[in-house]
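Worksheet for the structure shown next.
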Amino acid sequence: AVLVLVLVLVVAGIVMRSRTRKNVIGFFHPYCNDGGGGERVLWCAVQALLKEDRTSLIAVYTGDQASKEEILAKAKERFGFELNGERIK
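With the numbering used here as the guide, the letters of the sequence shown map in order to residues 4 to 92.
Here you go:
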């Protein structure tokens, strides 16, 4: 009986931990702030992922010198994508 209880507690702990874990999805785009067609595809994908999974974080690795806020503002201005900056790193 004790072994069964321990097993149930271990399984419950694994399930609870997996529910609270956040996925991080990464993109490498050296010039994500240029405003061209490739950038539109990037921000379209980011927006779709943010809508699909409400817990995931998105990491965009770039060589641009602009701040995250500047990059997201340009994506909104140029392409109309309003993105949740709290979930984008």
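Ideal Cβ positions, reconstructed from N, Cα and C, are used throughout, including at glycine. Treat the numbers as computed from the prediction; the structure is a model and nothing was measured.
### Task
Can you grab the Cα-Cα spacing for the pair Ala78 / Glu85, in whole Å?
8 angstroms
### Query
DSSP three-state call for Leu75: helix, strand or coil?
helix
#### Entry: Helix, strand or coil at Leu86 according to DSSP, with G and I counted as helix
coil
### Query
What number of angstroms, rounded off, separates the C-alpha of Lys71 from the C-alpha of Val44?
18 angstroms
### Candidates Gly83, Arg81, Glu80, Leu75, of which the one nearest Lys92 by Cα
Leu75
### Message
Quick check on the DSSP output: the beta strand (DSSP E) that includes Tyr62 runs from which residue to which?
### Response
Per the sequence presented here, residue 62 reads as Ala, with Tyr not at that position. 60-64 is the span of the beta strand (DSSP E), which, as asked, contains Ala62.
### Query
Between Ile28, Thr65, Asn36, which lies nearest to Ala48 when the distance is taken from Cα to Cα?
Ile28
### Query
Helix or strand or just coil, what does DSSP make of Gly39?
coil
#### Entry: Beta bridge counterpart(s) of Val27 as assigned by DSSP
Leu60
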